[in-house]
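Novice: Below: one structure in structure tokens.
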Amino acid sequence: MSPISRGFHGRRREPAGDSGRVPPGQYVTEDFPVLSAGPTPHTATADWTFAIRQAGQTSKSWNWQEMRALPAEDVTVDIHCVTRWSKLDTRWQAVSIDTLLAQVDHEASYVLAFCDGGYTTNLPLADVTGGQAWLAYGYGGDALAPEHGGPARLLVPHLYFWKSAKWVRGLELLAEDEPGFWETYGYNMYGDPWREQRYAGD
Amino acid sequence: MDELDGNAIGGLLEEIFGVDMTTATGTCASCGASGPVAEVVVYLCAPGTVARCRVCTAVLMVVVRRGEGSCVDLRGMAALAPAPA
Amino acid sequence: MAGTAVRGRLTWQVATVEAVRDEAPAVRTIELRAPDWAGHQAGQHLDVRLTAEDGYVAERSYSIASAPGEPVAITVERLEDGEVSPYLTEELRAGDEIEIRGPIGGYFVWDDSASGSPLLLAAGGSGVVPLRSILRHRARTGSTVPVRLLYSARSLPDVIYRTELDGYHDGVEVIFTLTRQQPPGWTGRIGRVSDAMLTEIAWPAGDATTAFVCGPTAFVESVAASLVRLGYPPPRVKTERFGGMGET
């Protein structure tokens, strides 16, 4: 039994409480911690494209100007990191994934997001449609910084934030679910914070 | 993001392997580079601990803490040999 | 065999704070009493674990500041956004308990293997901590290995262990370089460690010349690369990166 360290509090945090806004096992923070598994990519918007791929081919892609010309929205959401930090009322400027997928014919059931630096994460198609997911290029009114995933990242706030892939460059449409980076190393294939699906088997 | 080196996971690796691993020689399965584990590039601030090859950035090792135990994936290493005693 | 410490797998043990000493603004040495401490080598580190009342746990690693044979001590720099360092440098006091495990690391270790070859130590900011353990160990063993410590700090008040470092004479040269602010009349070096500075200061690369480089990641990478360019074989340039802590 570890002794309590007198006077140690750690980062300012509040536990879940009764508000129903914070999933079990999480703490609320005002910070925006940067968590990464590798070096931060720095892709210029002039070199950036976003592609929807299926069966080894690109079905549709957008360069930066084309993406920015799409209808976009201000999105305010709570986000929940599997490392137990939750941040409330985060503000993003983003294009709905529905808008992007509407331009592609497909029968996919799953997607695998792929990113600069090699990161990947998998999601059911049903979880990136119906107004649940975005391609976010702005945070808090500013351009999304590279350490937070800029030029653009996936934003899927109803799942643990490792699913909101940073530096995203496209979605691979799949018939079967395929584990991405963290899923390969033991994290949950789905990642519902409300059912505390952190690890495989949870 | 803070890039550390294998010294930063000395305790974690000793916990897992039972011996000091900072002097062990690791060989990258991707590019073949080899060197002391102390010199790999380490990212601590993630859902798991990731060690990458300093030469080619391929993932060498991932450690995910789960409850009281740890899951270690070493597929990124072609070899991992403790230093001779 | 009462009182013999058993060197086994790394386990957490409770240590009591004996004393705290301020070394520089926002830098404090914490001297510990750890009955089960098995001893350490110069350059090693230990892990600290803190537990808040609600069960929240934080763990960090700190280089051991004391020499082998001395009571275990760490020197901690308060990081602005830190979670653990503000506690250790401002709140923790004599009588408090913390959990530690160690010693850790066999790579960044100097043990005076009697080769007699010169030793180069390069410190960026708080990277001086494990190098000070090496210097103290060298002094305690009566080693005559020639040593140069190149210590990069923001300003003179930021130099840790200043009095102690000024007190080394026999075969130890300490060279400071101040990167942000110099006192009036400063005749020492100014600015970040560069190829040119190292060309002047580093021992000529010989077969057994060894360098230990410690500090922020950017500092370590820059100095290590310079030393390799100067001919130091990479296996003889030992590195320990403390992460980005800003300019030193």
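Protein chains in written order, with my numbering: chain A, 1 to 202; chain B, 203 to 287; chain C, 288 to 535.
Glycine is no exception: its CB is placed at the ideal position from the N, C-alpha and C atoms.
#1: At 8 Å on the CB atoms, spell out the chain C contacts of F161 of chain A, in chain order.
#2: Do G475 of chain C and F463 of chain C have their CB atoms nearer than 8 Å?
#3: Kindly identify the DSSP beta-bridge partner or partners of R268 of chain B.
#4: Report yes or no: is there a C-beta of chain A within less than 8 Å of the C-beta of A253 of chain B?
#5: Could you say which of A:G117, A:L174, A:P151 lies nearest to F181 of chain A if we only look at CA atoms?
#6: Give the straight-line distance between the Cα atoms of R449 of chain C and T76 of chain A, rounded to the nearest whole angstrom.
#7: Helix, strand or coil: which one does DSSP assign to I447 of chain C?
#8: Which residue comes first and which comes last in the beta strand (DSSP E) that contains L171 of chain A?
#9: Which residues in chain A sit within 7 Å of Y349 of chain C, going by Cβ to Cβ distance?
#10: What residues in its chain sit with their C-beta under 6 Å from that of V266 of chain B, if we drop five residues either side in the sequence?
#11: Please list, in chain order, the chain A residues whose beta carbon lies closer than 9 Å to that of G250 of chain B.
#12: For V239 of chain B, which of helix, strand or coil comes out of DSSP?
#13: With DSSP as the reference, label V82 of chain A as helix, strand or coil.
#14: As a quick exercise: from A:W134, A:E176, A:R13, pick the residue whose alpha carbon is nearest that of K166 of chain A.
#15: Taking Cβ-Cβ distances shorter than 7 Å, what residues in chain A pair up with E384 of chain C?
#16: Sort C:G326, C:A321, C:G454, C:D341 by Cα distance to Y27 of chain A and report the nearest one.
#17: Please decide whether T225 of chain B counts as near chain A, where near means a Cβ-Cβ distance under 8 Å.
#18: For the beta strand (DSSP E) that contains T526 of chain C, what are its first and last residues?
#19: What does a CB cutoff of less than 7 Å around L443 of chain C pick up in its chain, not counting 5 residues either side in sequence?
#20: Express the C-alpha separation of I391 of chain C and T225 of chain B in angstroms, rounding to a whole number.
#21: Return helix, strand or coil for P151 of chain A, following the three-state DSSP convention.
#22: Do you know how far the Cα of E367 of chain C is from the Cα of S2 of chain A?
#23: How would you call D323 of chain C, buried or exposed, if buried means at least 16 neighbouring beta carbons within 10 angstroms?
#24: I'd like the list of long-range same chain contacts for G237 of chain B, defined as Cβ closer than 8 Å, with 5 residues on each side in sequence excluded.
#25: Rounding to the nearest angstrom, what Cα-Cα distance links Y110 of chain A and K163 of chain A in this structure?
#26: At which residue ranges does the segment 326-387 of chain C contain complete beta strand (DSSP E) runs of 3 or more residues, listed in the order of the chain?
#27: Please confirm if the segment 410-420 of chain C is in contact with the segment 502-521 of chain C, defined as three or more CB-CB distances below 8 Å between the two stretches.
#28: What residue from C:E370, C:D398, C:L407, C:E378 has the CA that sits closest to G356 of chain C's CA?
#29: Between the segment 517-532 of chain C and the segment 474-493 of chain C, do three or more beta carbon pairs fall short of 8 Å?
#30: If you follow the beta strand (DSSP E) that E310 of chain C is part of, which residue opens it and which one closes it?
#31: Flag T45 of chain A as yes if its beta-carbon sits less than 8 Å from any beta-carbon of chain B, otherwise no.
#32: Among the residues of its own chain, which have a CB less than 8 Å from the CB of G205 of chain A, if the five just before and after it don't count?
#33: So, R21 of chain A versus L100 of chain A, is the Cβ gap smaller than 8 Å?
#34: In angstroms with no decimal places, state the Cα-to-Cα distance between A339 of chain C and A287 of chain B.
#35: If I'm right that M263 of chain B touches L276 of chain B with Cβ under 8 Å, what's the distance once you round it to whole angstroms?
#36: Taking the C-alpha atoms as reference points, what is the distance between R347 of chain C and D334 of chain C?
Specialist: Answer, in terms of the structure:
#1: Here residue 161 of chain A corresponds to residue number 161 of the first sequence, with the count starting at 1. Per Cβ cutoff of 8 Å: no residues; F161 of chain A is ~19 Å from chain C at best.
#2: The residue labelled residue 475 of chain C in the question sits at position 188 within the third sequence. The residue labelled residue 463 of chain C in the question sits at position 176 within the third sequence. Yes. Within cutoff.
#3: As a working note, residue 268 of chain B is residue 66 in the second sequence. Looking at the DSSP assignment, R268 of chain B forms a beta bridge with B:G271.
#4: Locating residue 253 of chain B in the second sequence gives position 51, where the first residue counts as 1. No, its Cβ sits nowhere closer than 8 Å to a Cβ of chain A.
#5: Along the first sequence, one-based indexing puts residue 181 of chain A at 181. Nearest C-alpha to F181 of chain A: A:G117.
#6: Position 162 of the third sequence, counted from the first residue, corresponds to residue 449 of chain C. Position 76 of the first sequence, counted from the first residue, corresponds to residue 76 of chain A. R449 of chain C and T76 of chain A: Cα-Cα distance of roughly 51 Å.
#7: As a first step, residue 447 of chain C must be located in the third sequence, where it is residue number 160. In this structure, I447 of chain C counts as coil in the three-state DSSP scheme.
#8: Locating residue 171 of chain A in the first sequence gives position 171, where the first residue counts as 1. Start and end: 168-174.
#9: Reading the third sequence from its first residue, position 62 is the one you call residue 349 of chain C. Residues of chain A with a Cβ closer than 7 Å to the Cβ of Y349 of chain C do not exist, since the nearest Cβ in that chain sits about 15 Å away.
#10: Here residue 266 of chain B refers to the residue found at position 64 of the second sequence. Contacts found: G250, C273.
#11: The count along the second sequence starts at 1 and reaches residue 250 of chain B at position 48. Within 9 Å Cβ-Cβ: A37, W182, Y185, G186, Y187.
#12: Reading the second sequence from its first residue, position 37 is the one you call residue 239 of chain B. Residue state, collapsed to three classes: helix.
#13: Working through the first sequence from its first residue, we reach residue 82 of chain A at position 82. In the structure shown, V82 of chain A sits in coil (DSSP, three-state: anything other than H, G, I, E or B).
#14: Here residue 166 of chain A refers to the residue found at position 166 of the first sequence. Checking every option, the nearest Cα to that of K166 of chain A belongs to A:W134.
#15: Counting from 1 along the third sequence, the entry for residue 384 of chain C is found at position 97. By Cβ distance, chain A contributes P3.
#16: In the first sequence, the residue the question calls residue 27 of chain A occupies position 27. Comparing alpha carbon positions, the residue from C:G326, C:A321, C:G454, C:D341 closest to Y27 of chain A is C:D341.
#17: By one-based count along the second sequence, residue 225 of chain B stands at place 23. Not closer than 8 Å to any Cβ of chain A, the Cβ of T225 of chain B fails to qualify, so no.
#18: Mapped onto the third sequence, residue 526 of chain C falls at position 239. Element bounds for T526 of chain C: 524-528.
#19: In the third sequence, the residue the question calls residue 443 of chain C occupies position 156. The residues are L465, P470.
#20: As a working note, residue 225 of chain B is residue 23 in the second sequence. As a working note, residue 391 of chain C is residue 104 in the third sequence. Cα to Cα, the separation comes out at about 11 Å.
#21: The residue you call residue 151 of chain A lines up with position 151 of the first sequence. Secondary structure of P151 of chain A (DSSP, three-state): coil.
#22: Residue mapping note: residue 2 of chain A aligns to position 2 of the first sequence, counting from 1. Residue mapping note: residue 367 of chain C aligns to position 80 of the third sequence, counting from 1. Across the structure, S2 of chain A and E367 of chain C are spaced so that their CA atoms are roughly 27 Å apart.
#23: Locating residue 323 of chain C in the third sequence gives position 36, counting from the first residue. That one is exposed.
#24: For the purposes of this step, residue 237 of chain B is taken as the residue at position 35 of the second sequence. T227, G228, R256.
#25: Taking the first residue of the first sequence as position 1, residue 110 of chain A is located at position 110. Taking the first residue of the first sequence as position 1, residue 163 of chain A is located at position 163. One alpha carbon belongs to Y110 of chain A, the other to K163 of chain A, and they sit about 13 Å apart.
#26: The segment 326-387 of chain C contains these whole beta strand (DSSP E) runs: 332-338, 344-350, 360-364.
#27: Under the 8 Å Cβ criterion, the segment 410-420 of chain C counts as touching the segment 502-521 of chain C, having at least three qualifying pairs.
#28: Position 69 of the third sequence, counted from the first residue, corresponds to residue 356 of chain C. If we check each option's Cα against that of G356 of chain C, C:D398 comes out closest.
#29: Touching, yes.
#30: Here residue 310 of chain C is taken as the residue at index 23 of the third sequence, counted from 1. E310 of chain C -> beta strand (DSSP E) spans 300-311.
#31: Reading the first sequence from its first residue, position 45 is the one you call residue 45 of chain A. So no, T45 of chain A is outside the interface.
#32: Here chain A covers residues 1 to 202 and nothing more, so residue 205 of chain A does not appear.
#33: Taking the first sequence and counting its residues from 1, one reaches residue 21 of chain A at position 21. Taking the first sequence and counting its residues from 1, one reaches residue 100 of chain A at position 100. No, Cβ-Cβ distance for R21 of chain A and L100 of chain A is not below 8 Å.
#34: Position 52 of the third sequence, counted from the first residue, corresponds to residue 339 of chain C. Position 85 of the second sequence, counted from the first residue, corresponds to residue 287 of chain B. A straight-line Cα-Cα distance of about 40 Å links A339 of chain C and A287 of chain B.
#35: Numbered from its first residue, the second sequence carries residue 263 of chain B at position 61. Numbered from its first residue, the second sequence carries residue 276 of chain B at position 74. Confirmed, about 5 Å.
#36: On the third sequence, residue 347 of chain C is found 60 positions in, with the first residue counted as 1. On the third sequence, residue 334 of chain C is found 47 positions in, with the first residue counted as 1. Per the coordinates, the alpha-carbon of R347 of chain C lies some 6 Å from the alpha-carbon of D334 of chain C.
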